[in-house]
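In terms of this note's numbering, the sequence shown has 264 at position 275, counting the first letter as 1, and numbering is strictly consecutive. Beta carbons are placed, not taken as given, at the ideal position from N, Cα and C, and that holds for glycine. Below is one structure; the comments refer to it alone.
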Amino acid sequence: MKGPDEWDGRELPGSPGERPRIPSPRSAAEDHGPLPDTPPVPVHDPASDTVEALPGAGPGSEPPALQPLPDPDPARPHRVLKSLLGAWALAACSAEETAAVETHLTDCASCADEALRLRDAVGLLHPADSLDLDPLLRSRVLEGALGRRPARIPVPDWAAPYDAETAKLDALLHDMGEAEWRAPVRLRWFEGDRPVERESTVAGVMGHLMAVDGLVATALGLTDPLGTAAPPGTPDPLIRTETFWRAADETQRPLTVHAPWRDQSYALMRQVSFAGSRVAELAVPYGDFRLALRDSFLDRAFECWVHAGDIAEAVDYPYVPPAAGHLHQMVDLAARLLPSALADRRRAGLAAPPQRLVEAGAPGRTLHLEVEGNGGGHWYIALDSPAALGTPERTVAHIALDSAEFCQLAAGHISPEEAAAGQDGERDAIREVLFATASLSRL
């Protein structure tokens, strides 16, 4: 009799009945007929006290035919059901296959033992984890690699936040489909004393980031991403963004902006890594004001993080804030820009004139800005002149804000009235600094 797992030699490689990789046990010798010269089996007859041989048990006689065991599921042979045990243990069988396997296990001891072993093995597997990569994975890998061997061409400290935030945003965009690239995004910022909003898409936001990063790229001698469509002179970020949006091909797939933005961010990092401190103070024009390159990279890192949060909110994806050290650098930039922002608001008639004139470098009236939480610290803001010196001894007001809330205020995502600030001292000075912080925002 041919066993259920027995190979009969007809199952050639590549054929439908190809032999499994693990060979089945060899059949017993008696399955192919009697052994040679098998003696008759004696039978004792108590009545006659004689021994007789079983009929047909002599040499050359045929053994009685073996009766096969009934198959519990004739439609599914043992071999098929055994091959399903792995899928059954992983709960990957269909309802029909599950029923057939479980019926078979009640009648087949060897398969039942194998099924128990497989179920125990499945219990040792790790639970299912998210397939999404941690946005900070690249930073951790680089940190570990650089900890073992310092980079021959290190990234400047002031460019590290931009490197980290662009890498996080790149990871967010990597697995987005075309429908998500068309998802609506609400952009918010402050102009004067009022909030401003504008609707765009994920693709539009990425075009905006690339167009404004182009100001840094051209300052470093790199290609302008706007190409021949770039407006003349040094227009501000809003004009460059609107130029990019107008020049965008309506028939172009929106996700095609991803690769050019990523390539530009790589080129910026490569350029400043090779140049190092020699370009740290290079002036980058932003229309009616300029920033040193080191501050411009912090500004671009902050805006990249803010708009990445806008994109993540639009596609319902969690997004983490910058590392504490990087966030501190961004908050420090905003705090250092506040005296100039106060002066700009006074020139525009949006703030009261200074109470007294202060010579450049001399201490004047000061507001103590305390930012709590990750990336926080203490800053002393000169109130009467950008050239004055803020000191603890001349403090007339104190504001305490959480770091996340301070950044949301500086990004124009919350109004000064909404900022839950701990306040003490001159009310007018506190109000003017809160509105100056919101005025740092732009599209």
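Roughly how many angstroms separate the alpha carbons of Asp62 and Gly112, rounded to a whole number? Reliability of the predicted coordinates at Asp62 is poor, the pLDDT of 49 falling under 50, and the value obtained from them is presented with this limitation in mind. Roughly 29 angstroms separates the two Cα atoms.
On the CB-based measure, 16 or more other CB atoms within 10 Å of its CB, does Val309 come out buried or exposed? exposed
Enumerate in chain order the residues of its own chain whose CB-to-CB distance from Asp60 is below 6 angstroms, with the five nearest sequence positions on each side excluded. Residue placement at Asp60 cannot be trusted, given a pLDDT of 47 that sits under 50; the coordinates are not used to answer.
Taking buried to mean at least 16 other C-beta atoms within 10 Å of its own C-beta, is Glu382 buried or exposed? exposed
Grab me the residues of Ser37's own chain with a C-beta within less than 8 angstroms of its C-beta, minus the 5 sequence neighbours each way, in chain order. Unreliable positioning characterises Ser37 in this predicted model, as indicated by a pLDDT of 49, which lies under 50. A coordinate reading is not provided.
Cα-Cα separation, Ala200 to His247: 13 angstroms
Please tell me whether Ser374 and Gly401 are closer than 8 angstroms, where the distance is taken between their beta carbons. no
Going by C-alpha distance, which of Gln412, Ala409, Ala389, Pro311 is nearest Arg129? Pro311
For Thr87, which of helix, strand or coil comes out of DSSP? helix
Candidates Trp77, Cys82, Ser83: which alpha carbon is nearest Leu107's? Trp77
Relative to the C-alpha of Glu421, which residue among Asp413, Phe395, Ala341, Tyr369 is closest? Ala341
Chain-order list of residues whose beta-carbon lies under 7 angstroms from that of Pro150 (same chain, five-residue window excluded): Leu287, Ala290, Pro311, His315, Gln318, Met319
Taking the alpha carbon of Val191 as the reference point, which residue from Leu326, Leu162, Asp321, Pro184 has its own alpha carbon closest? Leu162
Check whether the Cβ atoms of Leu331 and Ala425 sit closer than 8 angstroms, and answer yes or no. yes
Can you name, in chain order, every residue of its own chain whose Cβ lies under 6 angstroms from the Cβ of Ser262, other than the five neighbours on each side? Ile142, Val144
Looking only at C-alpha atoms, which of Ala206, Leu114, His197 sits nearest to Phe233? His197
Quick one: Cα of Leu339 to Cα of Glu167, how far? 43 angstroms
Can you give the Cα-Cα distance for Arg336 and Pro249, rounded to whole angstroms? 39 angstroms
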